[in-house]
Amino acid sequence: MKTRLRDITVGVAAVSLAVGLAACGKAAESGGMRASSPGGTGGGPKIGVLLPDSYTARWEAFDRPLIEKRIAERCSDCTVEYANARGDVATQQQQVDSMIIDGVEVMILDPVDSKALTSSVEKADGAGISVIAYDRLAEGPISAYVSFDGREVGRMQGEGLLQAMGDKADGGRIVMMNGPPADPNSAWFRDGALDALKGKVKIRKAYETVGWLPENAHTNMSGAIAALGPDGIDGVYSANDGLATGIVSSLKANNIKPLPPITGQDAELVGVQRIVKGEQYMSVYKPFKPQADAAAELAVALGRGEPLGAIAKDEVTVPDTGRVPAVLLTPVFVKADNIKETVVKDGMYTIEQICTPKYRSDCERVGLIP
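Position one of the sequence shown corresponds to residue 166 (the working numbering), numbered consecutively onward.
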């Protein structure tokens with residue numbers, strides 16, 4: 166455990182904590198910090214979990230409960246402070262400040278904007294708090310990093326797009342819908358995709374999509390259609406399923422039929438359903454449980470002052486910080502013919518959740534239901 170460098174009087178800390186706890190009910194309604202204590206006794210390390218937004222389904226549905234469950238299993242006397250930034254940098258900065266005052270000893274942080282959160286990471290480090298970058302690589306003095314191999318994710322997407330384009334993969338015209346420049350993962354996804362695509366297709370338009378927002382992807386795609394024409398797009402690289410939502414809505418609004426092949430990532434339920442329906446070719450499934458488990462185990466180890474070597478067997482380079490321990494997991498390619506062996510087998514979704522009445526005939530066609 167890091168030696169604490171801050172000097173806060175007991176009285177101030179107690180008042181701050183009381184004010185913070187009193188506000189929890191209102192914060193939960195407004196999307197701010199929410200406190201939870203999965204362990205019970207509260208005598209062990211206090212761990213902060215800060216996730217970036219509420220419009221990406223995985224954070225609240227999978228990552229948060231999985232992290233809290235694993236912390237409880239590994240540390241019965243640990244407590245957890247939870248916060249969701251709702252996609253706002255300033256909100257997340259305030260949440261980090263609140264957790265520092267509340268006395269957390271470890272933070273699991275998925276930054277809304279890696280560069281903008283650098284000063285917050287530095288502030289936490291100066292207060293003796295270990296910061297684990299989760300899913301996105303935070304800049305600054307982090308103690309560990311947990312995610313999937315981003316370049317491999319992009320390579321899978323690029324290869325999937327080439328598969329789906331068939332004969333048009335040789336010289337075909339594509340649009341690249343990348344993530345925001347503030348997210349280091351975006352560059353890894355893009356570079357991995359380019360490893361597969363360069364020299365094989367013509368990239369007619371490429372966009373950096375602010376905030377990972379579907380509505381921004383819709384606007385970008387509409388601009389590409391206006392510039393290239395309805396017959397000028399043979400495939401679309403989409404960095405994740407959320408962007409694919411905006412892409413598909415734009416293509417439909419412009420009456421483009423059939424839809425060109427589209428990639429994705431995160432295996433969101435709507436993305437899987439689009440794959441079943443034939444509106445999206447593939448997604449990259451990143452099993453959330455091993456990622457959440459690794460983050461929870463690193464947090465408990467750091468909170469107890471234990472070495473990380475048995476958990477983090479990889480390393481990554483952080484700008485201005487150097488090499489830090491990392492857990493880099495392997496992503497999974499998902500398309501219509503392996504949905505049952507991947508996301509269904511892992512318990513992410515049931516057949517019933519995927520194959521609602523709207524998708525029943527499509528599920529029958531791809532063999533998900535008889």
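Where is the CB? At the ideal position from N, CA and C, for every residue including glycine.
Inset, instruction - Ignore the nearest five residues each way along the sequence and tell me which others in A187's own chain have a CB closer than 7 Å to its CB. - result: The predicted model places A187 with a pLDDT of 35, which falls under 50 and marks its position as unreliable; any figure quoted below should be read in that light. In its chain, beyond the 5 residues on either side, no residue has a beta carbon closer than 7 Å to the beta carbon of A187.
Inset, instruction - Please state if the CB of G208 and the CB of C240 are separated by a distance shorter than 8 Å. - result: Against a cut-off of 8 Å, the Cβ pair of G208 and C240 comes out as no contact.
Inset, instruction - Note down the Cα distance separating V465 from D228, rounded to an integer number of angstroms. - result: Going from the Cα of V465 to the Cα of D228 covers about 16 Å.
Legend entry - CB of D527 within 8 Å of CB of V435, strictly: Result no, Cβ atoms of D527 and V435 do not sit closer than 8 Å.
Legend entry - Environment of S312 [buried if 16+ CB atoms lie within 10 Å]: Buried: at least 16 other Cβ atoms inside 10 Å.
Inset, instruction - State yes or no: is the C-beta of G215 within less than 8 Å of the C-beta of I273? - result: First, the residue type needs correcting, since residue 215 is Leu and not Gly in the sequence shown. Yes.
Legend entry - Per DSSP, the bridge partner or partners of K288: The beta-bridge partner set that DSSP reports for K288 is empty.
Inset, instruction - Report the partner residues of Y299 according to the DSSP bridge assignment. - result: The beta-bridge partner set that DSSP reports for Y299 consists of V311.
Inset, instruction - Figure out for me which residue from Y220, T244 and L359 has the closest Cα to the Cα of K367. - result: Residue L359 holds the alpha-carbon nearest to the alpha-carbon of K367 among Y220, T244 and L359.
Inset, instruction - Return the chain-ordered ranges of every beta strand (DSSP E) run that is complete within the stretch 318-375 and spans a minimum of 3 residues. - result: The stretch 318-375 contains these whole beta strand (DSSP E) runs: 338-343 and 367-373.
Inset, instruction - With DSSP collapsed to three states, give me the class of I534. - result: Secondary structure of I534 (DSSP, three-state): coil.
Legend entry - Environment of K211 [buried if 16+ CB atoms lie within 10 Å]: By the C-beta density criterion, K211 is buried, having at least 16 other C-beta atoms within 10 angstroms.
Inset, instruction - Identify whether A188 lies in helix, strand or coil by the three-state DSSP scheme. - result: Note on A188: pLDDT 36, under 50, position unreliable in the model; the coordinate value appears next. Collapsing the DSSP output to three states places A188 in coil.
Legend entry - Span of the alpha helix (DSSP H), counted from its first residue to its last, around M264: Residues V254 to D267.
Inset, instruction - Decide yes or no for the touch test of the stretch 462-479 against the stretch 275-287: beta carbon pairs closer than 8 Å, at least 3 of them. - result: Fewer than three beta-carbon pairs drawn from the stretch 462-479 and the stretch 275-287 are found closer than 8 Å, and the two stretches are therefore not classed as touching.
Inset, instruction - Can you grab the Cα-Cα spacing for the pair A248 / A292, in whole Å? - result: About 19 Å.
Inset, instruction - From the DSSP output, read off the bridge partner residues of V214. - result: DSSP lists Y247 and I273 as the bridge partner or partners of V214.
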